[in-house]
Amino acid sequence: MSIRLRLTAWYSGILAVMLLALSAAIYGFVYFNTYGDLKDRLKVQSEQTKLLFSVDRYNGELKLGGVGPENSNLYTQIYTYGSKSLSQSTNMINFGLRFDYPAKDKIAKGFRNVVVDGNQFLIYEMPIEIEHYNNNPVAVLQVAAYVNEQNKLLERLKNILLVGSFATLIAAFTFGLFLARKAMSPIGKVIEAANGIQTGNDLSSRIEYDGPPDEIGRLIETVNSMLGRMEGFYTELEDSYAAQRRFVSDASHELRTPLTTIRGNIDLLQKVWELEPGEGKMSEAEIRQLSMESVKDIADESKRMSRLVADMLSLARADTGRTFEIEPVALEPMMTEIARRASFLPRQAEWVTGDMSVLNGKYVVGNKDYLQQMLFIFIDNAFKYTPSGEVSLDTIFYQNQVGIRITDTGIGMDKDEVPYIFDRFYRADESRGITEGIGLGLSIAKWIIDEHGGSVEVVTRQGEGTTFVIWLPLLFAPPLE
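Residues 417 to 897 (my numbering) make up the sequence shown, in order.
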């Protein structure tokens, strides 16, 4: 059973109970008002009649002395059990009416309804006791009223209440079902949207609703919000899976090249060293020279593999959400050390550093080793993409941040490439510059910057150079020594 049908059934059931109670109350009110006065009249008449009857001394027969006008709508009779005589009011004699009387041992004071010749009467009967007969009932007094009209009125009222209640219940059920269907129709849209998502994986669909901001409206708003979040999570998950597949593919490709080089050099050395003296056309000096070149190639490729594995481990650590220990880091000694060590890196450009004394007393919260690794990545990239010209390092301040600026006059980049330079294994056109990287350095640098709560700005123009500004939040209060 659907919710709307259950709701309608519940409301209809409650309405039926209320209509039944209301109908019973109305019927009872009319009944007691109609018969209440009549019963009071019958009781009063019976008490008056007791004062008017007479007793025959010879046979003990009770006779009515008078019951009011002949056209009265009250009918009175007395039946004497001893003489088996019946005394009636004049109107009963005129109409030829006669009421049944109870047996002597079954006389009870009260009311009862009887039908005489198709006419309905309400009778009030009571036993009559005489002291001469030891207060035993000797007769029964019956006072009756014609109640055909009253009963017809009550019957019509009962039919009206039953038919009206039934019609009201049917109308309420039909109208309630219509309203419930209209109110619950948005739920059907929710189900359709859920089925559409289940069958078609379409998380972009939304449920349209133009009704009031009630519970249904809030439900649809919540479902739409949930669909939006699910769509975002699903998109992020797809992007993550795609990035993971691309990462594995690129890593496999990057590892395959040095492994192939190492394997080729090993095979070459194995063949050369397996030659017997005099079998080859190479002299001892040539074999030695070839061996040295092969060993150098193997060493270079091994170093390249080591860097690749180290970079991949750093990115794997970033993906797992692992963090590093942080502490206040003094900027002046760290930047001075970086400027000194960078001067020994392989380069063709001139290395220029700014005044690092402006960093005296300035601190950032972070990990010194990772900060140095991040800055060396940017500096090393600047050297690689600047075959001639200048690479500079200086610092600037803005509000509560320090900006570490690395500028080169190298080949620069196209503006369309800037959004992708921090993607893993992404490299600009390798034909421009003397690069030997694998495209992971800037990804690692970006992760380190994010972990330190910083940001990076890139300004570049193809053929003119590139400027990176790494912004880090300053620690104002110097640490206690």
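All C-beta atoms, glycine included, are put in the ideal place defined by N, C-alpha and C.
Query                                                                                                                                                                          : Result
Does the Cβ-Cβ distance between Ile742 and Gly782 come in under 8 Å?                                                                                                           : yes
Given a threshold of 16 other Cβ atoms within 10 Å of its Cβ, counted over all protein chains shown, does Phe445 qualify as buried or as exposed?                              : exposed
In whole angstroms, what is the alpha-carbon distance linking Pro629 and Ser641?                                                                                               : 15 Å
So who's on the other strand from Gln504, going by DSSP bridges?                                                                                                               : Gln493
Could you tell me whether the region 553-561 touches the region 418-427, using the rule of 3 or more Cβ pairs below 8 Å?                                                       : no
The beta strand (DSSP E) with Pro889 in it runs from where to where?                                                                                                           : Gly881 to Leu891
Per DSSP, which residues does Gly526 bridge with? Please list them.                                                                                                            : Glu541
Kindly indicate which residue of Lys784, Arg763, Ser808 and Phe792 has the alpha-carbon position closest to the one of Asp771.                                                 : Ser808
Counting only runs that start and end within the region 592-671, where is the alpha helix (DSSP H) found for 4 or more residues in a row?                                      : none
For the region 491-508 and the region 563-574, state whether three or more C-beta atom pairs, one from each stretch, are separated by less than 8 Å.                           : no
Inspect the beta-carbon positions of Thr424 and Gly592 and report whether they are closer than 8 Å.                                                                            : yes
Between which residues of its own chain and Ile864 is the CB-CB distance below 6 Å, once the five residues before and five after are set aside?                                : Tyr786 and Met790
Anyone know if the C-beta pair for Ala755 and Gly805 falls short of 8 Å?                                                                                                       : no
In terms of residue numbering, what span does the alpha helix (DSSP H) encompassing Asp453 cover?                                                                              : Ile419 to Lys466
Can you tell which of Val780, Gly857 and Asn816 has the C-alpha that lies nearest to the C-alpha of Tyr836?                                                                    : Gly857
Considering only their Cβ atoms, is the gap separating Val745 from Lys712 smaller than 8 Å?                                                                                    : no
Can you give the beta carbon distance from Lys466 to Ile544, rounded, assuming they're within the 8 Å contact cut?                                                             : 7 Å
May I ask you to report which of helix, strand or coil DSSP gives Arg720?                                                                                                      : helix
Identify every residue that forms a DSSP beta bridge with Glu766.                                                                                                              : Glu806
Flag this pair as yes or no: are the beta carbons of Met750 and Thr811 separated by less than 8 Å?                                                                             : no
State the DSSP-derived secondary structure class of Ile742, mapped to helix, strand or coil.                                                                                   : coil
What three-state label does DSSP hand Asp866 in the structure shown?                                                                                                           : helix
Restricting to Cα atoms, I'd like to know which of Phe838, Gly429, Val531 and Val664 is closest to Ala588.                                                                     : Gly429
By Cβ distance below 6 Å, which residues in the same chain neighbour Gly881 in space, the five residues on each side in sequence not counted?                                  : Asp824, Thr825, Gly826 and Gly828
Using 8 Å for Cβ pairs, my map puts Pro762 next to Phe799. What's the rounded Cβ distance?                                                                                     : 7 Å
Would you report the Cα separation of Asn449 and Arg572, rounded to the nearest angstrom?                                                                                      : 16 Å
Can Val688 and Ile678 be called in contact, C-beta distance under 8 Å?                                                                                                         : no
Taking Ser499 as the reference, which of Gln878, Met708, Val554 and Ile607 has the closest Cα?                                                                                 : Val554
Can you give the Cα-Cα distance for Ala861 and Glu709, rounded to whole angstroms?                                                                                             : 34 Å
Can you tell me where the beta strand (DSSP E) holding Thr876 begins and where it ends?                                                                                        : Ser871 to Arg877
Between Val774 and Leu890, which are expected to be in contact by the criterion C-beta below 8 Å, what is the C-beta distance as a whole number of angstroms?                  : With a Cβ gap of about 12 Å, Val774 and Leu890 do not count as contacting.
Taking all protein chains shown into account, do 16 or more other C-beta atoms lie within 10 angstroms of the C-beta of Val563, making it buried, or fewer, making it exposed? : buried
Residues bridged to Arg821 by DSSP?                                                                                                                                            : Asp810 and Val885
Evaluate Asn681 with the Cβ neighbour count: other Cβ atoms within 10 Å of its Cβ, from every protein chain shown; 16 or more gives buried, anything less gives exposed.       : buried
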